[in-house]
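Visitor: Residue numbers (the UniProt record's numbering): 1 to 204.
Positions of the beta carbon are idealized from the N, C-alpha and C atoms, including for glycine.
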Ligand SMILES: Nc1ncnc2c1ncn2[C@@H]1O[C@H](COP(=O)(O)OP(=O)(O)OP(=O)(O)O)[C@@H](O)[C@H]1O
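#1: Which residue or residues does DSSP assign as beta-bridge partners of residue 189?
#2: Given this structure, state the Cα-to-Cα distance separating residue 204 from residue 174, to the nearest angstrom.
#3: Relative to the C-alpha of residue 24, which candidate in 166, 133, 56 and 72 has its C-alpha closest?
#4: Can you grab the Cα-Cα spacing for the pair residue 95 / residue 76, in whole Å?
#5: Less than 7 Å between the CB of residue 209 and some heavy atom of ligand 1, yes or no?
#6: Given the structure, does residue 124 come close to ligand 1, in the sense that its CB is under 7 Å from one of the ligand's heavy atoms?
#7: Mind the definition here: the segment 187-201 touches the segment 4-20 only if three or more C-beta pairs lie below 8 Å; say whether that holds.
#8: Taking 7 Å as the line, does the beta carbon of residue 107 fall inside it for any heavy atom of ligand 1?
#9: According to DSSP, residue 249 sits in a beta bridge with which residue or residues?
#10: Is the CB-CB distance between residue 132 and residue 97 below 8 Å?
#11: Under DSSP, the beta strand (DSSP E) around residue 152 begins and ends at which residues?
#12: Could you tell me which residues DSSP pairs with residue 114 in its beta bridges?
#13: Roughly how many angstroms lie between the CA atoms of residue 81 and residue 134, to the nearest whole one?
#14: Please go through the same chain and pick out, in chain order, the residues whose beta-carbon is closer than 8 Å to the beta-carbon of residue 228, but skip the five residues on each side of it.
#15: Helix, strand or coil: how does DSSP classify residue 109 here?
#16: How long is the line joining the alpha carbons of residue 6 and residue 138, rounded to whole angstroms?
#17: Determine the DSSP secondary structure at residue 83, reduced to helix, strand or coil.
#18: Does the beta-carbon of residue 68, which I'm using as the reference point, lie nearer than 7 Å to any heavy atom of ligand 1?
#19: Just to check, is the beta-carbon of residue 38 closer than 7 Å to a non-hydrogen atom of ligand 1?
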């Protein structure tokens, strides 16, 4: 993924003021920043949900996006969500979805309605839907919100295995504890990305 000189404002409010970013295959990267720094705005631009005022975003291969606001229908079960997305992605089966659900310890919820899931379980479904087509470039907005410690660790194992399989993974969060797991880390501040050392503690 190549991002060059991206700008975005909401009317007079400038949020992104020249973001440059390059994600190579086989990279696990993070972006941290304070509340309101513009992280979600940046991901929406990268995902094509928002058009930048200026600049370009290019990527190759399959694309996955796990937004911060969960896009689920409360009246559908987990299984119905999987079937719906399988059809939308044109997948022959749910093999990868099942693998991700196993890793996240979520398989027992297949016949539960989304509206009755806990916050953490909704996030597991959200993540499964973003991963089930095995994307080459994966953007994750606050992916571990609501996860218990065990699931949080499993999430990092999953992210690391995707990186090792040659995928590009970008994790965006206002908190970054395990930054030594990342190959690259930026802080979004003043509308721009600033490279950070991944060997020191960096919390936003
Ligand atoms: N649709 C919108 N219209 C106007 N202003 C917006 C809109 N969305 C976000 N903003 C503003 O843009 C700024 C950046 O918001 P954004 O949600 O991108 O930040 P963030 O870094 O993701 O924050 P958080 O960590 O709280 O999720 C904030 O000042 C916010 O109020």
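Guide: Reading off the structure:
#1: Counting from one through the chain shown, the residue named residue 189 turns up at place 189. Bridge partners of residue 189: 192.
#2: In the chain shown, counting from the first residue as 1, residue 204 sits at position 204. In the chain shown, counting from the first residue as 1, residue 174 sits at position 174. Reliability fails at residue 204, whose pLDDT of 45 lies under 50, so the model's placement of it is uncertain and no value is given.
#3: Locating residue 24 in the chain shown gives position 24, where the first residue counts as 1. For the residues 166, 133, 56 and 72, the minimum Cα distance to residue 24 belongs to 166.
#4: For the purposes of this step, residue 95 is identified with residue 95 of the chain shown, where counting begins at 1. For the purposes of this step, residue 76 is identified with residue 76 of the chain shown, where counting begins at 1. Their backbone Cα atoms lie some 20 Å apart in a straight line.
#5: Any property of residue 209 remains undetermined from this structure, which presents the chain solely from 1 to 204.
#6: Numbered from its first residue, the chain shown carries residue 124 at position 124. Residue 124 Cβ: outside cutoff for every heavy atom of ligand 1.
#7: With a cut-off of 8 Å, the segment 4-20 and the segment 187-201 count as touching, because enough Cβ pairs lie within range.
#8: As a first step, residue 107 is located in the chain shown; it is residue number 107 there, counting from the start. No, ligand 1 has no heavy atom inside 7 Å of this Cβ.
#9: Residue numbering for the chain in the displayed model covers 1 to 204; residue 249 lies beyond these limits and cannot be assessed.
#10: Here the question's residue 132 lines up with position 132 in the chain shown. Here the question's residue 97 lines up with position 97 in the chain shown. Yes, Cβ-Cβ distance for residue 132 and residue 97 is below 8 Å.
#11: Residue numbering aside, residue 152 sits at position 152 when the chain shown is read from its first letter. Taken as a continuous stretch (DSSP letters only), residue 152 belongs to no beta strand (DSSP E), being part of the alpha helix (DSSP H) at 149-164.
#12: Position 114 of the chain shown, counted from the start, is the residue given in the question as residue 114. None; residue 114 has no bridge partner.
#13: Position 81 of the chain shown, counted from the first residue, corresponds to residue 81. Position 134 of the chain shown, counted from the first residue, corresponds to residue 134. So the two alpha carbons sit approximately 17 Å from each other.
#14: A query on residue 228 cannot be resolved here, the shown segment of the chain reaching from 1 to 204 and no further.
#15: Within the chain shown, the letter at position 109 stands for residue 109. DSSP places residue 109 in helix when its eight states are reduced to three.
#16: Indexing the chain shown from 1 puts residue 6 at position 6. Indexing the chain shown from 1 puts residue 138 at position 138. Taking the straight line from one Cα to the other gives about 19 Å.
#17: Residue 83 sits at position 83 when you count from the first residue of the chain shown. Residue 83: helix per DSSP, three-state reduction.
#18: Residue mapping note: residue 68 aligns to position 68 of the chain shown, counting from 1. For residue 68, the CB falls within less than 7 Å of some heavy atom of ligand 1.
#19: Along the chain shown, one-based indexing puts residue 38 at 38. For ligand 1, at least one heavy atom lies less than 7 Å from the Cβ of residue 38.
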